[in-house]
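*Asks:* Pasting in a structure now, in structure tokens, and then I'll have a few things to ask.
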């Protein structure tokens, strides 16, 4: 009987230790790899803690939570960025634009002092009211339309919904390979730094910005283009 009690006692000591081994310790490489597959809510309808103004330590007052959405209420808020930086990731979100509205989703944004603007470094997924905003007719072959790789590539498919309706975006970036889906249809598939990419940049407005699209990681940004725009269900997971 004493022997059995001793065995039970030893097991009670070992079980917590085994659990500790499985969970790993902070900074453990295996743990970090597992965390790369976990989703993080960048906006869940209740908190903006993951966001701040570009090169600021606070979120501008023009960006607010309204009815569970993250919205730019009026011009003047400026671009906002995630506090964390991301290299390879899978990002999902919903956006809704006002009539004749314009906005954008950017990634790999740098806050290095040499850069004054978000768009000097971060490639952009265009957000637009294609029906009413004049920008939809600018650029080459639709490179300014919703879902476009802004000023470089038009969307591969027409899938945007009208102003006032929700659009779902999936943006996947893995070791420079960029893919984007809008409402379930693939609209972008390219590789940063490829010969095709370099040729497109050389023929665009970004030719005058030598570090455009050159950073392997950076902040995710939402654009203030002066128009009302709404976001919801923003979540991200890091990719290995």
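In my numbering, the protein residues as written are 371 to 610. All C-beta atoms in this analysis are idealised placements derived from N, C-alpha and C, irrespective of residue type, glycine included.
Take the Cβ of residue 489 as the centre, count every other Cβ of all protein chains shown within 10 Å, and call the residue buried at 16 or more, exposed below.
*Replies:* buried
*Asks:* Of all the options 601, 587 and 417, which has the alpha carbon lying nearest to the alpha carbon of residue 608?
*Replies:* 587
*Asks:* Where residue 449 and residue 430 are concerned, what is the direct C-alpha to C-alpha distance, given to the nearest angstrom?
*Replies:* 9 Å
*Asks:* Should residue 435 go down as buried or exposed, given a rule of 16 or more other Cβ atoms within 10 Å for buried?
*Replies:* Exposed.
*Asks:* Out of 566, 546, 445 and 556, which one is the CA nearest neighbour of residue 529?
*Replies:* 556
*Asks:* Quick one: what's got a C-beta closer than 6 Å to residue 597's C-beta in the same chain, skipping five residues either side?
*Replies:* 468, 471 and 472
*Asks:* Residue range of the alpha helix (DSSP H) that residue 511 falls in?
*Replies:* That residue, residue 511, is in no alpha helix (DSSP H); it is neither H nor E in DSSP.
*Asks:* List the whole-angstrom C-beta distance separating residue 480 from residue 545, where the pair is believed to meet the contact cut-off of C-beta under 8 Å.
*Replies:* The pair is not a contact, with the Cβ atoms about 18 Å apart (cut-off 8 Å).
*Asks:* So which of 482, 444, 442 and 475 has the shortest CA-CA distance to residue 425?
*Replies:* 482
*Asks:* Would you check if there are 3 or more beta carbon pairs closer than 8 Å linking the stretch 516 to 534 to the stretch 488 to 505?
*Replies:* yes
*Asks:* Would you check if there are 3 or more beta carbon pairs closer than 8 Å linking the stretch 552 to 569 to the stretch 526 to 542?
*Replies:* yes
*Asks:* May I have the straight-line CA-CA distance separating residue 423 from residue 601, to the nearest angstrom?
*Replies:* 16 Å
*Asks:* Under 9 Å between the Cβ atoms of residue 474 and residue 520?
*Replies:* yes
*Asks:* Would you list the residues sitting across from residue 556 in a DSSP beta bridge?
*Replies:* 551
*Asks:* When DSSP labels each residue in this structure, what does residue 578 get in the three-state scheme?
*Replies:* Note: residue 578 maps to helix in three-state DSSP.
*Asks:* If you follow the alpha helix (DSSP H) that residue 543 is in, where does it begin and where does it stop?
*Replies:* Counting along the chain, residue 543 falls outside any alpha helix (DSSP H), though it belongs to the beta strand (DSSP E) covering 537 to 544.
*Asks:* Taking the Cβ atom as the reference point for each residue, do residue 581 and residue 485 lie within a distance shorter than 9 Å?
*Replies:* In this structure, residue 485 lies closer than 9 Å to residue 581 by Cβ.
*Asks:* At the level of alpha carbons, what is the spacing between residue 604 and residue 535?
*Replies:* Residue 604 and residue 535: Cα-Cα distance of roughly 17 Å.
*Asks:* Leaving aside the five residues before and after residue 410 along the sequence, list all residues of the same chain whose C-beta is less than 6 Å from its C-beta, in chain order.
*Replies:* 606
*Asks:* Tell me whether residue 478 is buried or exposed, calling it buried when 16 or more other Cβ atoms sit within 10 Å of its Cβ.
*Replies:* buried
*Asks:* Report buried or exposed for residue 564, applying the criterion of at least 16 other Cβ atoms within 10 angstroms of its Cβ.
*Replies:* exposed
*Asks:* Which residues in the same chain as residue 590 place their Cβ atom closer than 6 Å to its Cβ, once the five residues preceding and following it in sequence are excluded?
*Replies:* Here the set comprises 452 and 477.
*Asks:* Decide if residue 393 is buried, meaning its Cβ has at least 16 other Cβ atoms within 10 Å, or exposed.
*Replies:* Residue confidence for residue 393 is low, a pLDDT of 31 falling below 50, so the modelled location carries little weight and cannot support an answer.
*Asks:* Please classify residue 530: does DSSP put it in a helix, a strand, or coil?
*Replies:* Here residue 530 sits in coil by DSSP.
*Asks:* Taking a contact to mean a Cβ-Cβ separation below 9 Å, would you say residue 541 touches residue 460 in this structure?
*Replies:* yes
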